[in-house]
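*Asks:* The structure that follows is given in the form of structure tokens.
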Amino acid sequence: MELVKNMSSPKKKSPARQGFKAQEYIVYPAHGVGQIVAIEEQEVAGVKLELFVIHFEKDKMHVKVPVAKAISIGMRKLSETDFVERALKVLQGRARIKRTMWSRRAQEYDAKINSGDLISIAEVVRDLFRAENQPEQSYSERQLYEAALDRMAREIAVVNKISETEAVRAIEINLAKSPKRSVKSEAEGDSEIESDVDGEDSENVAA
């Protein structure tokens, strides 16, 4: 995905822009952890623009973001280690499931995942987690859960300099400390909460 067509070669050595610099790992709301591989200057309609070129290794894609808009679209630095610990502790809490239609909850979960906020993403992981002795997740629950788990694991892995497998394990260990729950899957248990129709999740991709 490119926000602007490439019209010039990248600057190999660039100072920090908006607090970000080349080769730094960042979090982009719609895609999670990425690395700024270059800062390019391009001319579009006679106007010179500086662009962050961000590479997402797992998705095998590049995104170009105007430097001037980076903050406003929610691009941020990686979380500090103490904030990661806070996010992991969120997983130990009791799941909070609102008494609303599943389709609405699914939209809220999706918005949290794409907010780029690690605590919000941890809340989705916590709320949609199912232990082995609990009913399986519905398809749309599973899709959202895996998306949140992947986003959280990627950031923890980069911050703590561990593999994503180790990060997932750390998440699972903290989830195991959460209060025991007797929760039906959304597909089976919506009648307990409110008459509901299972809705598919959708991914919001930021511009």
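The numbering of the sequence shown is the UniProt record's numbering, which starts it at 1 and goes up by one. Quick reminder that beta carbons are idealized off the backbone N, C-alpha and C, glycines included.
Under a Cβ-count criterion, where at least 16 other Cβ atoms within 10 Å of its own Cβ denotes burial, should M75 be classed as buried or exposed?
*Replies:* Counting from 1 along the sequence shown, the entry for residue 75 is found at position 75. When all chains shown are included, M75 counts as buried.
*Asks:* Compare the C-alpha of residue 223 against each of S120, A106, N160 and name the closest.
*Replies:* Here the chain comprises residues numbered 1 to 207, so residue 223 is not present and cannot be evaluated.
*Asks:* Excluding five sequence neighbours on each side, which residues of the same chain lie with their C-beta closer than 7 angstroms to the C-beta of K98?
*Replies:* One-based indexing of the sequence shown puts residue 98 at position 98. Cβ within range, chain order: R105.
*Asks:* Quick one: give me the first and last residue of the alpha helix (DSSP H) that A147 is part of.
*Replies:* Position 147 of the sequence shown, counted from the start, is the residue given in the question as residue 147. Unbroken alpha helix (DSSP H) run through A147: 139-160.
*Asks:* Counting Cβ pairs closer than 8 angstroms, one from the stretch 16-35 and one from the stretch 154-163, do we hit at least three?
*Replies:* Judged by Cβ distances under 8 angstroms, the stretch 16-35 makes contact with the stretch 154-163, as three or more pairs qualify.
*Asks:* Determine whether the beta carbon atoms of A148 and I113 lie at a separation below 9 angstroms.
*Replies:* Position 148 of the sequence shown holds residue 148. Position 113 of the sequence shown holds residue 113. Cβ distance < 9 angstroms, so A148 and I113 count as in contact.
*Asks:* Just list the residues that DSSP pairs A170 with in beta bridges.
*Replies:* Within the sequence shown, the letter at position 170 stands for residue 170. In the DSSP output, where bridge partners are listed per residue, A170 has none listed.
*Asks:* From Q137 to V84, what does the alpha carbon distance come to, in whole angstroms?
*Replies:* As a position in the sequence shown, residue 137 is number 137, starting the count at 1. As a position in the sequence shown, residue 84 is number 84, starting the count at 1. Q137 and V84: Cα-Cα distance of roughly 26 angstroms.
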